[in-house]
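S.K.:
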Amino acid sequence: MKTPHDPRHRKRQRIIEDLFKMSFHKQSVNTLAKEVMNHKDFVDQYISRSAQEFPIEKINKIDLAILRLAVYELLFEKKEPTNVIIDEAVELAKEYGGETSPGFINGALGNILRYEKSSKIQK
0 MKTPHDPRHR KRQRIIEDLF KMSFHKQSVN TLAKEVMNHK DFVDQYISRS
50 AQEFPIEKIN KIDLAILRLA VYELLFEKKE PTNVIIDEAV ELAKEYGGET
100 SPGFINGALG NILRYEKSSK IQK
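In numbering that gives the first Met the number 0, the protein residues as written are 0 to 122.
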C-alpha cells in the first residue's frame with residue numbers, strides 16, 4: 000500500500016507539479032518533466048484519441064499534467080507495471096484534481112490501453 004511518503008509517489012507529485020507549472024510558463028523543471036514535454040505532441044495524440052469529447056485545450060491543466068505523465072510512463076518509460084501507473088495517476092487525480100478527475104483519468108487511460116492493444120494508434 001502506498002503512503003504519502005512513498006518515494007515513487009513523491010517523485011510523481013513533483014513531476015505533476017512541474018508539468019502543471021510548465022502549462023503556464025517556461026521554467027527550469029525536473030528532467031523527467033522535460034522528457035514528457037519533449038514528447039508532448041505524441042502523448043497528446045493519445046490523450047485526444049482517448050477523450051475525444053474533451054479537446055486538449057479544454058482539459059483541466061492538472062488533469063492534463065497527470066495524463067501526460069501517465070501516458071509517457073506507459074508508452075516510453077515502461078519501468079512500472081501498467082496497473083501501478085494507472086493507480087498512481089488516479090491517486091494523483093484524487094489529491095490534485097477535482098471531483099470528477101479520478102474517473103476521467105481512469106477512463107482516459109483505460110481507453111489508451113485499449114487503443115494500444117488493438118493497435119489503432121500508429122506510432
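Idealized CB from N, CA, C, for every residue including glycine.
(1) Is there contact here, the region 89-98 with the region 35-53, by at least three beta-carbon pairs under 8 Å?
(2) Is Leu66 near Ala107, with beta carbons less than 8 Å apart?
(3) By the three-class DSSP mapping on this structure, what secondary structure does Val89 have?
(4) If you compare alpha carbons, which of His4, Phe23, Lys10 and Lys39 is closest to Phe75?
(5) Check Asn82 in the structure and name its three-state DSSP category.
(6) Is Arg11 buried or exposed, if buried means 16 or more other CB atoms sit within 10 Å of its CB?
M.R.: Taking the coordinates as given:
(1) no
(2) yes
(3) helix
(4) Lys39
(5) If DSSP states are grouped into helix, strand and coil, Asn82 belongs with the helices.
(6) Counting every other CB atom within 10 Å of its CB across the protein chains shown gives Arg11 a total of 16 or more, marking it as buried.
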